[in-house]
Amino acid sequence: MLPRATRMEARVILCEFGPGGGPVLFRDPRELLVVTRPEDVAPALDHLEARRRQGAWIAGYLSYELGYALEPVLARDMPAERRTPLLAFAVHDAPRPAPPLPAGDAARLAPLKPLISQQDYAAAFARTRDYIAAGDCYQINLTFPIGSRLVSGSPLELYAALAARQPVGFGAYADLGQGPVVVSRSPELFFRLDAQGRIEARPMKGTAPRDPDPAHDAALAAGLAASEKNRAENLMIVDLLRNDIARISRVGSVRVPELFAVDSFATVHQMSSRVVGQLERPAELGALMRALFPCGSITGAPKIRAMQIIREVEPFARGVYCGAIGWMAPDGAACFSVAIRTLSVWPDGEVTLNVGGGVVQDSTAEGEWEEALWKARYAQDLTTPDCG
């Protein structure tokens, strides 16, 4: 059995995107809610909201499959073989500043191995593109899992090592004593909400690899910014997010103040845009998630049909990957990440991370497979060839 933590006891959630913008730690919860059955989702969300309205902070994660429980038309598509809770949240008095992460470089992973073959991926890709050609969807986010093992160090040391190599805006670590330890190096904001009901989303769609040569790296970023294919993919998701946010916002308040920006991270360049709005009513956790979850950047458009197709072509549950991690305060402020670049570490040392990307009509199976593997590079530096 692996140690659950180093210098942090179990049942902790660390968010690098706290209410003041810096890292905060949620620990010593009053209550812990871990939901595995779809029929328990609505009561759990109501309970969390009631606690928040009584003055508590809530923090936790939502698995991608929660989306099948929130939308009645998708209920029959809920995977039966899920391992990860649909949601896991803790109720807290307040967050505190996060302590320093463990120093050193003890964490090491076994070599990363896709859990499907490239041939099986190509078959799923072909079915996906057939649906796009038939007009079912404009874009579908196709993903696959990669397996590894934590062969040395603790999950927290793994998080610290990744954080040192991959500075991002929405990193998070969750060890709630049940299910996997969640290690997330997400660069993507799902939504941020202030106490006055102003909401912001920053969907990412469009990727290019980094290069150690500065001139070539700059050319890759410029090529991403100018790419008509990536702009078209990004705009599809921006339109989806505008519609989702408009469901809970004042008429006329939803705007797109930033379009097709390129953000550079340690291993990839990403294209992102910004969508803002003003909520029509005071924030409520269940209403927010029913309107917005899961983020359209990791489903495709239109969302419900894309999720049905994903369930058909992906023979596995995504778990926390493509879900959300974050917190909500008593005054209605909240911040959640999109759980991409996210690893699940199980008690026996098994590690799963997933990768993928948006498929459109002019995508190719080989190109999407290679792009997905780029996205796993954030964990590649921690692998060792010497483990079995």
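Here the sequence shown stands for residues 1 to 388, numbered as in UniProt numbering. Here a beta-carbon is modelled for each residue, glycine too, at the ideal position from N, C-alpha and C.
Apart from the 5 residues on each side of it in sequence, residue 133 sits with its Cβ closer than 7 angstroms to the Cβ of 361 in its chain, given in chain order.
By the C-beta density criterion, residue 43 is exposed, having fewer than 16 other C-beta atoms within 10 angstroms.
Straight-line spacing of the CA atoms in residue 15 and residue 167 works out to 13 angstroms. Nearest in C-alpha terms to residue 98, of all of 274, 22, 109, 66, is 22.
Within the same chain, no Cβ atom closer than 7 angstroms to the Cβ of residue 367 is found once the five residues on either side in sequence are excluded. In terms of Cβ geometry, residue 344 and residue 182 form a close pair [threshold 9 angstroms]. Non-local beta-carbon contacts of residue 64 in its own chain, meaning distances under 6 angstroms to residues more than five positions away in sequence, involve 294, 318, 322, 323 in chain order. A buried status is given to residue 184, since no fewer than 16 other beta-carbon atoms sit within 10 Å of its beta-carbon.
With contacts defined as CB atoms closer than 9 angstroms, residue 11 and residue 94 fail to qualify as a contacting pair. Burial of residue 269 is indicated by the presence of at least 16 other C-beta atoms within 10 angstroms of its C-beta. Taking 4 residues as the minimum length, the alpha helix (DSSP H) runs contained wholly in the region 181-234 are 214-226, in order along the chain. Taking the CA atoms as reference points, residue 36 sits about 13 angstroms from residue 180.
Looking at 338, 331, 347, the one whose alpha-carbon comes closest to that of residue 58 is 331. Between residue 61 and residue 79, the gap from beta carbon to beta carbon reaches 9 angstroms or more. Taking C-alpha positions only, residue 277 is separated from residue 261 by approximately 19 angstroms.
Sequence-distant Cβ neighbours of residue 139 in its own chain, meaning closer than 7 angstroms and more than five residues away, are 233, 236, 300, 301, 358, 359, 360. By the Cβ criterion, the region 212-229 is not in contact with the region 367-378, since fewer than three pairs of Cβ atoms, one from each stretch, lie closer than 8 angstroms.
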